[in-house]
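**Q**
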Amino acid sequence: MQNILQEYFGYQQFRAGQKDIIDKVIDHRPTLGVMPTGGGKSVCYQVPGLYLDGLTIVISPLISLMKDQVDSLRSMGINAEFLNSTLTSKEKKRVESELVSGNLKFLYIAPERFNQPQFIQMINKCNVQLIAFDEAHCISKWGHDFRPSYQEVISHVMSLPHHFRLVALTATATKEVQEDISSKLGIAPNDIVETSIKRENLTFKVDNTYQRLNFVKDYVKQHRNQSGIIYCSTRKQVEQLSETFDDLEIDNVMYHAGLPKEERANAQRKFIDDDVKLAVATNAFGMGIDKSNVRFVIHYNMPQDIESYYQEAGRAGRDQLDSECILLYSDRDIDLQKFFISSSPADDEYKEKQGEKLRQMIQYTKTTKCLEAMMIHYFNPDEKLEECGRCSSCVQAEKNYNMTTEAQKILSCIARLKQNEKRNMIIQVLRGEETNQISNLGYNELSTYGILKNYTTNECHHLLDELRYKGYLNEHKEILSVDQSAMDVLRGNVEIMTTPFRTKPTEIVDIQTIT
Ligand code: ADP
1 MQNILQEYFG YQQFRAGQKD IIDKVIDHRP TLGVMPTGGG KSVCYQVPGL
51 YLDGLTIVIS PLISLMKDQV DSLRSMGINA EFLNSTLTSK EKKRVESELV
101 SGNLKFLYIA PERFNQPQFI QMINKCNVQL IAFDEAHCIS KWGHDFRPSY
151 QEVISHVMSL PHHFRLVALT ATATKEVQED ISSKLGIAPN DIVETSIKRE
201 NLTFKVDNTY QRLNFVKDYV KQHRNQSGII YCSTRKQVEQ LSETFDDLEI
251 DNVMYHAGLP KEERANAQRK FIDDDVKLAV ATNAFGMGID KSNVRFVIHY
301 NMPQDIESYY QEAGRAGRDQ LDSECILLYS DRDIDLQKFF ISSSPADDEY
351 KEKQGEKLRQ MIQYTKTTKC LEAMMIHYFN PDEKLEECGR CSSCVQAEKN
401 YNMTTEAQKI LSCIARLKQN EKRNMIIQVL RGEETNQISN LGYNELSTYG
451 ILKNYTTNEC HHLLDELRYK GYLNEHKEIL SVDQSAMDVL RGNVEIMTTP
501 FRTKPTEIVD IQTIT
C-alpha cells in the first residue's frame, strides 16, 4: 500500500485514518471512514482499488467532481471512466464497452445511473473488487443531504453475487448518522474509523450584527483579492445581495437552483477559474466544488443544522491555509428555518428531529463556548475538547455573568424529576407553568417547581445549553440527566460563568432550601 501511495500519488506517508481504513477494506470488512474535508478520503478507495485485481466502483452524487477525479487518475496512467448525465449517448456507449472489456480500474457513477437495470446487468458480469460510497451521509435519512436514490443503490449492491469489498466515506456524520449508515451497509461498530474533524486553518466566527449588509460590504471590500462565498437562505436574498455588489462594482457571480443550467455552469466555472473572486449563492452551490483557495465563507443567514453549516463553511481553506467561516444571523432566521421544517412534506418523526437539529444550530449561534469545540462535540461527543483560542467565542469571551445559582437550581430540579424528563418539561417545571400534565404528574408539588419563574423559556434554554455544553448535563433522546461532575456545582466547589444574557431577576429563591 505504501508503495502504491508513493508510486502513484507521490506521498510519503498515509494521513490519519487512511491506513486503518485501507487495511480493513483489504481485509474484506465493510468500513465507514469519517474524515474532514480535505482529509484525503479518495486515497482510501484509490489505493486499495489499485492494489486489487479488478474494478472499483465509486458511487458519488457529485457529478461535477467526477471528471476531475477521472482526469487525475488518467494522468497517473490509470484506466478510469465516469458515467453520469453529462455524457452523450456515444460517450456512454464507449464507457460501457470499456467496462465490459474488463480493462477498467475505476468507474465513477451517479446513484441514478447505478440503478438502471442495464447497468446492473452489466456489472453482474464484471470483476468488481471494491465498491465505494462517497458522501455516504446521503445514505441516511438523518443526514443533512438525504438522497433516496442511494437507498435503491444499496439494495442493488447487496444483491450482487460477487465477494466485493465495501467502503463508505463522509466528512459530516453524527453518531446517529454513522449508526444508520452502518446498519444499512452491514458495517460493524469496530469498523468505523473516525478521525478528528478539526481543521486548524479555519477560524469560526458568529456575529449577530443588525447590520448584516454593511458587514458583508465592508468585509468583501477589505478582502477584494481573496476568493469567498456568501451563502443566503433564499434565492431572492441571493439576487438582492448580488445586485448590491454589482452596484458597488464588486465583481461577483450568483448561483441558485432557479437559474438556467448554463448560467449556473458559467458562474461555477468563473469562480473555480478565479475569473471572479466572489460567489453569492444558496446552498445549491458547492456540492462538488473542489476549489482549494476559498479564503472565506460567510453565511448571511443561519443554516438549518450544524451538519449543513460545517459542510458549507468547510469549503473554505481546503489548501490548508488560514481561512474564515463567519456566520451572521438574526432571530428572524430562526422563524424562516422553522417555516421550512413545518412546511416540508416529511413525517412527524423527521420534523421533530429537524427541530432538534435546528435547536442545536441556534445553540451554536448563542453559545459563549468555543465554537470549534462545540462543532466537534456535535459530531463526536467522545472527542476530548480543547478551546481553539481562535474563534469569536474564545477571542471575545466576556463571561461575566455568574450563573452558579441558576445552575444549582436546574440540577436539583432535574434530579427531582428522576432524571427522566425532556428539556421542554424541565423548563415548564422550572418556570412553574400550570399545565394538566404537570399537575397529573404531581410536579407542581416539587420544591423546585417554579424555581426559575422569572426567566423566559429562551433564557432557560440558554442556561440548560451552557450546562449541557460544559458537560454537567447529559442529553440522550432529549432527556436530560445530571452528570457525575455536577456534584462540584451542587457543592459550590465551582463557579459557572456565562455571557450576560438577562437582567438579574428580582426575586431570588434561597438555594439552601432545595439542594
Ligand atoms: P477529501 O475527499 O477528504 O475532501 P481529497 O481526497 O480530495 O480529500 O484529498 C485532499 C488533498 O489531500 C488532495 O490534494 C490529496 O491528493 C491530498 N492527500 C491525500 N492523502 C494524502 C497523503 N497521505 N499525503 C499527502 N497528501 C494527501
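Heads up: the sequence shown at position 14 corresponds to 14 in UniProt numbering, and the numbers run straight through without jumps.
All C-beta atoms, glycine included, are put in the ideal place defined by N, C-alpha and C.
Here the structure is a predicted model, which is why all the values come from computation and not from measurement.
Return yes when the Cβ of residue 328 is within less than 8 Å of the Cβ of residue 408, no when it is not.
**A** no
**Q** Run the CB neighbour count on residue 43, radius 10 Å, all protein chains shown included, and call it buried at 16 or more, exposed below.
**A** buried
**Q** Does the beta carbon of residue 11 fall short of 7 Å from some heavy atom of the ligand ADP?
**A** yes
**Q** Within the region 100-160, note down every full alpha helix (DSSP H) run reaching 4 residues or more, in order along the chain.
**A** 111-114, 117-124, 148-158
**Q** Quick check on residue 368: buried or exposed, where buried means 16 or more other Cβ atoms within 10 Å of its Cβ?
**A** buried
**Q** With DSSP as the reference, please indicate the residues paired to residue 165 in a beta bridge.
**A** Per DSSP, 130.
**Q** When you compare the CB positions of residue 293 and residue 227, do they come within less than 8 Å of one another, or not?
**A** yes
**Q** According to DSSP, is residue 491 part of a helix, a strand, or is it coil?
**A** coil
**Q** For my contact list, residue 83 and residue 109 are in at a C-beta cut-off of 8 Å; report their separation, rounded to the angstrom.
**A** With 8 Å as the limit, residue 83 and residue 109 qualify as a contact, their Cβ atoms being about 5 Å apart.
**Q** How far does the beta strand (DSSP E) with residue 203 in it extend, from its first residue to its last?
**A** Per DSSP, the unbroken beta strand (DSSP E) holding residue 203 starts and ends at 202-207.
**Q** Where residue 458 and residue 337 are concerned, what is the direct C-alpha to C-alpha distance, given to the nearest angstrom?
**A** 17 Å
**Q** Could you check what DSSP says for residue 462 in three-state terms: helix, strand or coil?
**A** helix
**Q** Measuring CB to CB, does residue 483 end up less than 8 Å from residue 471?
**A** yes
**Q** Less than 7 Å between C-beta atoms, sequence neighbours within five positions excluded: which residues of the same chain meet that for residue 20?
**A** Answer for residue 20: 193, listed in chain order.
**Q** Indicate whether residue 361 and residue 309 have their beta-carbon atoms separated by less than 8 Å.
**A** yes
**Q** Is residue 407 helix, strand or coil when you go by DSSP?
**A** helix
**Q** Count the other CB atoms, across all protein chains shown, that sit within 10 Å of the CB of residue 500; report buried if there are 16 or more and exposed otherwise.
**A** exposed
**Q** Nearest to residue 209 by alpha carbon, out of 254, 333, 166, 271?
**A** 333
**Q** Below 8 Å on the Cβ atoms is my guess for residue 286 versus residue 264; work out the distance and round it to an integer in Å.
**A** The pair is not a contact, with the Cβ atoms about 12 Å apart (cut-off 8 Å).
**Q** Quick one: give me the first and last residue of the beta strand (DSSP E) that residue 473 is part of.
**A** 473-476
**Q** Please list, in chain order, all residues of the same chain as residue 74 whose beta carbon is under 8 Å from its beta carbon, the five residues on each side excluded.
**A** 80
**Q** Could you pull out every residue in the same chain whose Cβ sits closer than 6 Å to the Cβ of residue 267, ignoring the five residues on either side in sequence?
**A** 253, 255
**Q** Residue 64 to residue 423, Cα distance in whole Å?
**A** 43 Å
**Q** Alpha carbons only, please: which of 47, 299, 183 is nearest the one belonging to residue 76?
**A** Nearest neighbour of residue 76 by Cα position, chosen from 47, 299, 183, turns out to be 47.
**Q** Which residue wins for smallest C-alpha separation from residue 284, given the options 273, 90, 242, 238?
**A** 238
**Q** So what does DSSP say about residue 467, is it helix, strand or coil?
**A** helix
**Q** For residue 13, is the classification buried or exposed, using 16 other Cβ atoms within 10 angstroms of its Cβ as the cut-off for buried?
**A** exposed
**Q** For residue 512 and residue 447, what's the separation of their Cα atoms in angstroms?
**A** Residue placement at residue 512 is flagged as unreliable, the pLDDT there being 46, under the threshold of 50; the coordinate-derived value follows with that caveat. Cα to Cα, residue 512 sits roughly 12 Å from residue 447.
**Q** Within a Cβ cutoff of 6 Å, which residues of the same chain sit near residue 509, ignoring the five residues on either side of it in sequence?
**A** Legend: pLDDT at residue 509 = 42, less than 50; position of this residue unreliable, value from coordinates given subsequently. So the list reads 451, once near-sequence residues are dropped.
**Q** Residue 158: which of 61, 114, 143, 384 sits nearest, CA to CA?
**A** 114
**Q** May I have the straight-line CA-CA distance separating residue 204 from residue 103, to the nearest angstrom?
**A** 46 Å
**Q** Considering only the beta carbon of each residue, do residue 595 and residue 132 sit closer than 8 Å?
**A** Nothing about residue 595 can be read from this structure; the chain reaches only from 1 to 515.
**Q** Give every residue of the same chain whose Cβ lies closer than 7 Å to the Cβ of residue 507, excluding the five residues on either side of it in the sequence, and list them in chain order.
**A** Caution is warranted here: a pLDDT of 42 is assigned to residue 507, below 50, making its placement in the model unreliable, and no coordinate value can be reported.
**Q** Within the continuous beta strand (DSSP E) that includes residue 10, where are the two ends?
**A** Neither: residue 10 is in no beta strand (DSSP E) and is coded neither H nor E.
**Q** Applying the criterion that 16 or more other CB atoms from any shown protein chain within 10 Å of the CB defines a buried residue, is residue 354 buried or exposed?
**A** buried
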